[in-house]
Structure formats: structure tokens, C-alpha cells
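Report on the structure given below.
Written out as C-alpha cells, the structure is:
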């Protein structure tokens, strides 16, 4: 029945704006189910109920008796202070109906005994502390296949699960909800593949790094591969703060139809863009709820923001692969100073919306950091894979 409604177009039924009662009524009618009889009929006590197969604490005979007492306007006594009323909730071994004792609980005072001296009482032991990390292990991860559809938060959870399954000695945070001490490179847009996703693992002990990587590869999921990226001190700059730029490639099939521009026209647009001093673009931001200030005034935050695309784009190049395919390579800001989505820049160049699909595929190929005032690749081996 649910499948029939789904085939008819029922989706997101828990949302009022998407719920279609007519589709469900039609599907139930095709199955010969009389909804009016189910909803509005007066059910006899011996008529099977849809949930009779569920084992509940309250027996059906008790509910029938309570219904009859309700119709007769008769009260049922509280079994906590009276006799058992037969609801079947108590087994009188683990669960009993007596909740108020006739006599006080056994205490030192009620037993006529003196309490022991405070110094003899055993103090509770402090919770065990997680060991301090001793090593920073940097790894390079790749995302391909179905893994490219993992959002950043799901990707982080997946990495945590892989670390747990691999049983590598990664350090954990303290508190009620401990997590592996891992830092990640800036998030990758959904649907992009990547050759250069980085993570810093703070390890709780020294060990065989090759063995750790082998265990991580065995515990990983399809599409997420693990590679050695280096080691460092615990207090060294972490990978989250080091990254300043990222390289991307966007492969476009049939650009004249997909982008509305031929390869030479697209190259000309890219050259015009790089010649600009600034390119301010107004983007829609996240919806913000109005906030009431202490003064009583209502502060509304703007839903739009202005971003200088030119300042965030270091390079853009167009390469014609064939008569029906072009490759757009970009080096864009990616980090605390700002970030730019390659498809947003491509949309700015072409004047039309660009989405991932069979005709458009995007990949992050490298990450860059500043070292001594010069840009250095975060993972040199990733550049070798691209080459």
C-alpha cells in the first residue's frame, strides 16, 4: 500500500506542504481498504484491532473492562494504595504495585547505629584521563565513486568509524561524548571527487605507521583511500589552518550546449575575468531569524552577502580536450580567508547556472599552504597523481 502511494508520487509525507492525502486515499481504495469504516466505525470488543499483534503491558481484557467502567461512570481505584486492578503491568517480582512503604527505609538512625567516621569512607575514584597525544600523523584521503555523495559531516563520521574499526591508537577527547582527535581540511562540496582530502590524527602512542595505514585501508569504505602524508609534533600547525588554496578541475562535455559558450569564448571570458581588479558578486546567505535585543529593538540580519570572486581566484585556465570536451582548471581560495565554489565561478563566467551531472564533473586535485611566503603543496604525491 505504501509502495502504491509512492508510485503515485507521495514524497516527504511528514511535511505538511508535501503531504498529498488524495494519493493515499486512492492507493487505499485500490487495495479495497475502507478508511471510513476504520476511522468512524464503532468497534466491537471482539473485533481484531490493527495492533493486536503487538505485545503491550496492558492486556486487552483490562482495556475492555476499563471501557465498560468508563461508560458506567465508575472509577478505578489507584493500585498504588489499593488492591491490584489486573492491568498485567506488574509481575510482582521485579515490578510491584506498592510505591509507598509503611515503614521508613533502613538508615543508621532507624537501626540505632552510629555512622562510620568520614575518614573511613571510600572516596569515589576520579574518571580515567585520556592519554596525551605524542604524535601528529597526517594522512591524505581520496574520495571517489559513491563516497563523493557523502556530505562533510557524514564524511567526518565515516572517518571516525573507520578509526574505531581499525583500532589504531588515536587520542580521544575527554568528557561525556569522547571523539577521536582529528582535524580535517576545509569541506569539499557535495558531489565532488577528490585526490587531496587531508586529516591530522593525534596519536596517543608511537607505533608502526605502515601497520596503522594498512589497518585503516582494510577498515575503510569503497571510495575512501588512505595515504601517508607526513608526521609532526602535537603542537605543530594543524591541517585545518594551514590550507589557503585548492586546485580544482571541472570537466565539461559539449560546452556549447552545457555552458552556452564555445571553448574559445569560454577562454576569452576567463581572460577578461582575470584582468579585473575586483568582481563583487551578491550571494544569497542563510535565512536568519530576527533577534530581539535587550533594548527591545528587533535586529534582522541580511540574507545576502557580497563576495569578491576575483580576490578568491588565483588562476583559471581552459584546456580543450576534444571537440566535445573542455577541462577548466582553477586555483581558488579555500580556508579561513574565504572560499569559492568552482561551479559558482563557472556560473559567473558563463552567465548561467552550472550543476554537476553527466555533462559536468568536478574534482579537487591539490591543496596548498604558505611556507616562507611561498605556496607549497600540502601533498606533493597528489600532484604526481594529477600529472
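In our numbering, the protein residues as written are -1 to 385.
Each residue gets a CB set at the ideal place from its N, CA and C atoms; glycine is no exception.
Excluding its 5 nearest sequence neighbours in each direction, residue 74 has C-beta neighbours in its own chain below 8 Å: 64, 67, 83, listed in chain order.
Across the structure, residue 170 and residue 43 are spaced so that their CA atoms are roughly 58 Å apart. With a cutoff of 8 Å on beta-carbon distance, residue 192 and residue 329 are scored as not near each other. Our two residues, residue 144 and residue 356, have alpha carbons roughly 15 Å apart in a direct line. The C-beta distance from residue 347 to residue 310 rounds to 14 Å, too long to meet the 8 Å contact threshold. Secondary structure at residue 128: coil, using DSSP grouped into helix, strand and coil. Here DSSP, grouped into helix, strand and coil, assigns residue 173 to coil. Boundaries for residue 323: no alpha helix (DSSP H) harbours it, while the beta strand (DSSP E) harbouring it runs 323 to 333, taken from the DSSP string.
Here residue 243 is bridged, per DSSP, to 331, 366. Between the stretch 239 to 249 and the stretch 142 to 156, the count of C-beta pairs closer than 8 Å stays below three; the two stretches do not touch. A straight line joining the alpha-carbon of residue 216 with that of residue 127 spans about 30 Å. In the pairwise beta carbon analysis, the stretch 219 to 230 is classified as not touching the stretch 263 to 277: fewer than three pairs are separated by under 8 Å.
Non-local C-beta neighbours of residue 187 in its own chain, meaning closer than 6 Å and more than five positions away in sequence, comprise 339, ordered along the chain.
Where residue 68 is concerned, there is no enclosing beta strand (DSSP E), although the alpha helix (DSSP H) around it starts and stops at 58 to 69. A distance below 7 Å between beta-carbons, with the five flanking residues on each side excluded, links residue 25 to the following residues of its chain, in chain order: -1, 2, 3, 6. Annotation: the continuous alpha helix (DSSP H) that includes residue 262 extends over 261 to 272. For the pair residue 212 and residue 138, the CB atoms are not nearer than the 8 Å cut-off. Exposed is the label assigned to residue 349, since fewer than 16 other Cβ atoms lie within 10 Å of its Cβ.
Of the residues assessed, residue 200 falls on the buried side of the cut-off, its CB having 16 or more other CB atoms within 10 angstroms. Taking a cut-off of 8 Å on C-beta distances, the stretch 170 to 181 does not touch the stretch 246 to 263, as fewer than three cross pairs fall below it. In the assembly as shown, residue 148 is a buried residue. Its beta-carbon has 16 or more other beta-carbons within 10 Å.
Put simply, the backbone Cα of residue 368 is about 50 Å away from that of residue 11. Residue pairing by DSSP places residue 313 opposite 329 in a beta bridge.
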